[in-house]
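Its first residue numbered 109, the sequence shown is counted upward by one per residue in the numbering used here.
In this text, a Cβ means the ideal position worked out from N, Cα and C, and glycines have one as well.
This report concerns only the one structure given below.
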Amino acid sequence: MTTTLLHVGRAFTPREEIADAGVLIRDGVIEAVGPRAGMQLPAGAAEIREADAIAAPGFVDVHIHGAGGHDVMEGAAEALEAVAGTVARRGTTSFVATTVTASPEETCRSAEGIARYIARQKERRGTSGRAEILGIHFEGPFLSPARRGVHPPEWLRLPSAELLEKFLAAAGGMGRILTMAPELLGAGPCIAAARQAGMTVALGHTDATYEQAQAAIARGAQHGTHVYNAMRPFSHRDSGVIGAVLSTPEVTAELIADGVHVDEGAMRLLLAAKGVERVILVSDGTAATGMPDGNYTLGTIEVTVSGGVCRNAEGKLAGSTLTLDRALRNIVALGVPLGDALRMLTVNPAKLVGLEGRKGALRPGADADIVLLDAGLQLRRVFARGAATE
Numbered sequence: 109m110t111t112t113l114l115h116v117g118r119a120f121t122p123r124e125e126i127a128d129a130g131v132l133i134r135d136g137v138i139e140a141v142g143p144r145a146g147m148q149l150p151a152g153a154a155e156i157r158e159a160d161a162i163a164a165p166g167f168v169d170v171h172i173h174g175a176g177g178h179d180v181m182e183g184a185a186e187a188l189e190a191v192a193g194t195v196a197r198r199g200t201t202s203f204v205a206t207t208v209t210a211s212p213e214e215t216c217r218s219a220e221g222i223a224r225y226i227a228r229q230k231e232r233r234g235t236s237g238r239a240e241i242l243g244i245h246f247e248g249p250f251l252s253p254a255r256r257g258v259h260p261p262e263w264l265r266l267p268s269a270e271l272l273e274k275f276l277a278a279a280g281g282m283g284r285i286l287t288m289a290p291e292l293l294g295a296g297p298c299i300a301a302a303r304q305a306g307m308t309v310a311l312g313h314t315d316a317t318y319e320q321a322q323a324a325i326a327r328g329a330q331h332g333t334h335v336y337n338a339m340r341p342f343s344h345r346d347s348g349v350i351g352a353v354l355s356t357p358e359v360t361a362e363l364i365a366d367g368v369h370v371d372e373g374a375m376r377l378l379l380a381a382k383g384v385e386r387v388i389l390v391s392d393g394t395a396a397t398g399m400p401d402g403n404y405t406l407g408t409i410e411v412t413v414s415g416g417v418c419r420n421a422e423g424k425l426a427g428s429t430l431t432l433d434r435a436l437r438n439i440v441a442l443g444v445p446l447g448d449a450l451r452m453l454t455v456n457p458a459k460l461v462g463l464e465g466r467k468g469a470l471r472p473g474a475d476a477d478i479v480l481l482d483a484g485l486q487l488r489r490v491f492a493r494g495a496a497t498e
């Protein structure tokens with residue numbers, strides 16, 4: 109049994125801020141959070157003193173394709189470990205492995221590999237120092253050809269509840285999110301099947317009108333995938349899916365806050381329209397995350413990274429190299445209070461995938477996923493289920 113007490117200058121739970129705080133960790137789980145003065149150091153426990161540090165929950169990324177030179181579509185344990193280790197060093201302590209459009213056979217093979225890895229995670233709980241994979245986000249193949257971005261057109265499919273069931277069977281109950289274009293034929297039954305399976309249905313890579321998007325929301329869609337990107341553009345006479353996401357309170361919205369995918373004005377508009385409770389910062393990270401400029405793959409798609417920006421041969425944006433610690437600093441630079449910014453990286457994404465009791469918060473009973481930040485919001489230390497990152 110391992111017990112550690114973190115003593116920090118401030119702790120964001122993130123619903124409240126505690127000054128001169130203590131966080132007591134036992135066997136990878138948070139046992140207590142509160143003022144350090146009110147805590148006793150248990151016998152045999154170690155105390156880590158970081159009196160000028162800020163403690164916050166580890167970041168939760170619900171849209172990430174890869175990192176550290178590897179893509180989750182590889183499905184191999186070694187590749188997934190590389191992704192999980194790379195993002196953990198940048199503060200992401202849990203994530204939803206996100207696929208890219210491929211053949212049904214390749215998608216199932218990848219999902220099976222990810223599901224096997226998730227099952228083995230339980231055996232290593234609290235010992236690896238790597239991020240935990242929470243499930244699978246199927247981004248494709250039910251996407252609009254007109255808004256496919258870099259997804260391979262030859263593998264796009266009309267929404268199919270039967271094909272989705274095959275993906276979910278391969279995922280072994282670990283399917284968390286489905287991104288789809290709701291204007292496509294067959295979308296209604298597919299949304300119903302996804303919701304029945306407990307998945308979050310996200311609107312993305314879509315040319316949907318406002319009315320089509322609202323119809324999908326009425327059927328159970330509740331999330332917008334990397335809002336603004338790969339969507340019908342917003343116009344005052346044709347507000348499209350963006351208008352539906354911005355104007356519907358219950359719908360959450362992903363934002364890639366790298367300053368490349370979305371400009372400052374559009375980011376401010378999204379924050380003003382949705383409020384901090386409904387925005388989720390994501391990386392949309394690729395295998396190039398944490399790596400130097402060069403050539404990489406996104407699924408089977410060849411991409412080139414130059415100046416940290418990832419594009420395919422046609423010059424289209426192809427995911428990102430963003431890490432969530434940088435997204436945090438970018439959002440705070442817009443004037444968002446730190447506690448609100450942290451919420452968009454922790455509580456909100458954990459709630460989206462139904463894991464707010466275990467992830468995204470500093471509170472008793474939650475996993476000890478913790479980041480320590482300095483005054484400039486640079487990472488100082490990261491703990492994944494109580495274990496320091498490698």
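Just tell me which of Ala441, Val455, Ala305 and Leu446 has its CA closest to the CA of Ile64.
The chain is shown from 109 up to 498; residue 64 falls before or after that span and cannot be answered.
In angstroms, rounded to a whole number, what distance separates the CA positions of Gly275 and Arg466?
Within the sequence shown, the letter at position 167 stands for residue 275. Within the sequence shown, the letter at position 358 stands for residue 466. First, the residue type needs correcting, since residue 275 is Phe and not Gly in the sequence shown. Spanning the two alpha carbons is a distance of roughly 26 Å.
Mark Leu113 as exposed unless 16 or more other C-beta atoms lie within 10 angstroms of its C-beta, in which case mark it buried.
Working through the sequence shown from its first residue, we reach residue 113 at position 5. Buried, because 16 or more other Cβ atoms sit within 10 Å of the Cβ of Leu113.
Does Ala365 pass the burial test, meaning 16 or more other C-beta atoms within 10 Å, or should it be called exposed?
Your numbering for residue 365 matches position 257 in the sequence shown. Under this definition Ala365 is a buried residue.
Please confirm whether Ser268 and Gly294 have their CB atoms less than 7 Å apart.
Translated into the one-based positions of the sequence shown, residue 268 becomes position 160. Translated into the one-based positions of the sequence shown, residue 294 becomes position 186. The answer is yes: Cβ separation under 7 Å.
Return the Cβ separation of Ala278 and Ala219 in integer angstroms, given the expectation that the two are a contact with Cβ distance under 8 Å.
Counting from 1 along the sequence shown, the entry for residue 278 is found at position 170. Counting from 1 along the sequence shown, the entry for residue 219 is found at position 111. So it is a contact: roughly 4 Å between Cβ atoms.
Between which two residues does the alpha helix (DSSP H) containing Arg197 stretch?
Counting from one through the sequence shown, the residue named residue 197 turns up at place 89. Element bounds for Arg197: n/a, residue is neither H nor E.
Taking the continuous beta strand (DSSP E) assigned at Asn337, which residues delimit it?
Position 229 of the sequence shown, counted from the first residue, corresponds to residue 337. Run containing Asn337: none; DSSP gives neither H nor E here.
Within 6 Å: the Cβ of Ile364 and any heavy atom of the ligand ATP?
Among the ligands in the structure shown, none appear at all, so the ligand ATP cannot be discussed.
Note down, in chain order, each residue of its chain lying with its Cβ closer than 7 Å to the Cβ of Thr206, except the 5 sequence neighbours on either side.
Here residue 206 is taken as the residue at index 98 of the sequence shown, counted from 1. Here the set comprises His171, Ile172, His173, Val180, His245 and Glu247.
Are the CB atoms of Ala187 and Ala239 nearer to each other than 7 Å?
Residue numbering aside, residue 187 sits at position 79 when the sequence shown is read from its first letter. Residue numbering aside, residue 239 sits at position 131 when the sequence shown is read from its first letter. Cβ distance not < 7 Å, so Ala187 and Ala239 don't count as in contact.
Compare the Cα-Cα distances from Gly281 to each of Arg489, Val461, Gly473 and Asp482 and report the closest residue.
The sequence position of residue 281 within the sequence shown is 173, counting from 1. Of the listed residues, the one whose Cα sits closest to Gly281 is Val461.
If you check the beta carbons only, do Gly416 and Thr429 fall under 7 Å apart?
By one-based count along the sequence shown, residue 416 stands at place 308. By one-based count along the sequence shown, residue 429 stands at place 321. Cβ atoms of Gly416 and Thr429: closer than 7 Å.
Using DSSP with H/G/I as helix, E/B as strand and the rest coil, what is Leu436?
On the sequence shown, position 328 is the one that residue 436 refers to. Leu436: helix per DSSP, three-state reduction.
Is the separation between the beta-carbon of Ala145 and that of Leu132 shorter than 7 Å?
Here the question's residue 145 lines up with position 37 in the sequence shown. Here the question's residue 132 lines up with position 24 in the sequence shown. No, the pair does not count as a contact, with Cβ atoms beyond the cut-off.
Whole-angstrom Cβ separation of Val353 and Val335, contact assumed at under 8 Å?
Taking the first residue of the sequence shown as 1, we reach residue 353 at position 245. Taking the first residue of the sequence shown as 1, we reach residue 335 at position 227. With a Cβ gap of about 6 Å, Val353 and Val335 count as contacting.
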